[in-house]
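Counting from 1, position 145 in the sequence shown corresponds to residue 144 in numbering that gives the first Met the number 0; the numbering is continuous, with no gaps.
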Amino acid sequence: MSGRLADITGPNIPEKISDESVILLPVGAIEQHGPHLPMSVDTVIAEETSNALLDSLGNEMDLWLLPTLSISKSNEHTWSPGTLSYSSNTMMSVLDDIAKCVSTTAARRLVILNGHGGNTSLLITACRDIRVAHGLLTFLVHPSVPPASGGTSTEEEMGMGIHGGLNETSVFAYLRPGEVQMEKAIRRVPEWMAENKWVKFGGKVQFGWTSKDFGIEGFIGDPTGANPELGKELFESAVESLSGQLREISRFDFQEN
Ligand SMILES: [Zn+2]
0 MSGRLADITG PNIPEKISDE SVILLPVGAI EQHGPHLPMS VDTVIAEETS
50 NALLDSLGNE MDLWLLPTLS ISKSNEHTWS PGTLSYSSNT MMSVLDDIAK
100 CVSTTAARRL VILNGHGGNT SLLITACRDI RVAHGLLTFL VHPSVPPASG
150 GTSTEEEMGM GIHGGLNETS VFAYLRPGEV QMEKAIRRVP EWMAENKWVK
200 FGGKVQFGWT SKDFGIEGFI GDPTGANPEL GKELFESAVE SLSGQLREIS
250 RFDFQEN
């Protein structure tokens, strides 16, 4: 059986949630995405991807969605009024509280599906902290791995389409037709950084940054060619890849030693 945890009645939890259940927590963000996109982009992508996974895997796997965590750690964008962000400490506490509650059920596997690249390093830390504190098997998955964390983006964006660029804008255009203001989309790629050997997105040297460090528009990439057809393709291939990831997660366990 599968579904949304919030739809189960309290007394039915022991009957519905077992040690075979995979609990999925979609994590989004409400943060500025440049002038062409609304602040909800990461939340919409995380939630719609999770909904699609429930549709595609619901019959073969015991998959349960938690409500989407819409606000997360977006302090690289808080220079822009209206961006909503937890501090790192608050975000870690929120995740710990949620995990603690999940551990009151029989479920053993908690998967965080992250739609916001800025969360990645914190969520990796949270996976270990939750494992230690609550004994759950923890996993972190992404609809698309952020280029700043080893993922890729297009050649035209020189691998730096990390925020509001071609791919993200296309996926959003597919999921929310009519909500992208394409007339405001321009190219904003920090080409100067591409020459660096070490200090760059996904390079061996990590560095702290805010989106404003790359220009006042607040996005990084080239959304000018974005279109819903590309978005559909990217979204469907993400769901297919994540379906495989969740199948493996549902079987994953540590071996006796
Ligand atoms: Zn985003």
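Glycine included, each C-beta is placed from N, C-alpha and C at the ideal position.
Classify residue i as buried or exposed, calling it buried when 16 or more other Cβ atoms lie within 10 Å of its own Cβ.
{"i": "Glu194", "result": "exposed"}
{"i": "Lys72", "result": "buried"}
{"i": "Thr89", "result": "exposed"}
{"i": "Pro25", "result": "buried"}
{"i": "Gly207", "result": "exposed"}
{"i": "Ser86", "result": "exposed"}
{"i": "Thr67", "result": "buried"}
{"i": "Phe253", "result": "exposed"}
{"i": "Glu156", "result": "buried"}
{"i": "Val131", "result": "exposed"}
{"i": "Gly230", "result": "buried"}
Measuring CB to CB, does residue i end up less than 8 Å from residue j?
{"i": "Thr42", "j": "Gly117", "result": "no"}
{"i": "Ile22", "j": "Ala106", "result": "yes"}
{"i": "Leu4", "j": "Leu53", "result": "no"}
{"i": "Ala225", "j": "Thr168", "result": "yes"}
{"i": "Val238", "j": "Leu36", "result": "no"}
{"i": "Trp63", "j": "Ile16", "result": "yes"}
{"i": "Gly164", "j": "Ser152", "result": "yes"}
{"i": "Gly27", "j": "Glu47", "result": "no"}
For residue i, report the span of its alpha helix (DSSP H) as first-last.
{"i": "Arg246", "result": "Pro227 to Arg250"}
{"i": "Thr89", "result": "Ser87 to Val101"}
{"i": "Phe138", "result": "It is not in any alpha helix (DSSP H) - Phe138 instead sits in the beta strand (DSSP E) that spans Leu136 to Val140."}
{"i": "Trp191", "result": "Glu190 to Ala193"}
{"i": "Leu165", "result": "Leu165 to Leu174"}
{"i": "Leu52", "result": "Val40 to Leu56"}
{"i": "Leu122", "result": "Thr119 to His133"}
{"i": "Ile12", "result": "Ile12 to Lys15"}
Identify which residue in the options has its Cα closest to the Cα of residue i.
{"i": "Gly57", "options": "Asn256, Glu182 and Arg246", "result": "Arg246"}
{"i": "Asn74", "options": "Ser102, Ile29, Thr168 and Glu14", "result": "Ile29"}
{"i": "Ala147", "options": "Phe234, Ala132, Gly27 and Gly220", "result": "Gly220"}
{"i": "Asp18", "options": "Arg127, Ser86, Asp61 and Glu232", "result": "Asp61"}
{"i": "Asn166", "options": "Thr89, Thr8 and Leu233", "result": "Leu233"}
{"i": "Leu94", "options": "Leu135, Val204, His141 and Glu190", "result": "Leu135"}
{"i": "Thr104", "options": "Ile70, Glu14 and Glu255", "result": "Glu14"}
{"i": "Arg108", "options": "Ser92, Gly2, His162 and His133", "result": "His133"}
{"i": "Ser143", "options": "Val204, Gln244, Phe213 and Gly2", "result": "Gln244"}
{"i": "Asn50", "options": "Ile248, Glu235 and Glu255", "result": "Glu235"}
Give me, in chain order, the residues of the same chain whose beta-carbon lies closer than 8 Å to that of residue i; leave out the 5 immediate sequence neighbours on both sides.
{"i": "Met192", "result": "Met159, Val198, Lys199 and Phe200"}
{"i": "Ile129", "result": "Leu94, Asp95, Ala98, Leu109, Leu135 and Thr137"}
Who are the Cβ neighbours of residue i in its own chain at under 6 Å, not counting the five residues just before and after it?
{"i": "Lys211", "result": "Trp78"}
{"i": "Glu216", "result": "Gly33 and Arg187"}
{"i": "Leu83", "result": "Ile29 and Ile70"}
Looking at the secondary structure, which residues open and close the beta strand (DSSP E) in which residue i lies?
{"i": "Val21", "result": "Val21 to Val26"}
{"i": "Val111", "result": "Checking the displayed sequence, the identity of residue 111 turns out to be Ile instead of Val. Start and end: Arg108 to Asn113."}
{"i": "Leu4", "result": "Leu4 -> no beta strand (DSSP E), and no H or E assigned at all."}
Whose C-beta lies closer than 7 Å to the C-beta of residue i among residues of the same chain, with five residues either side of it excluded?
{"i": "Ser55", "result": "Val238 and Ser242"}
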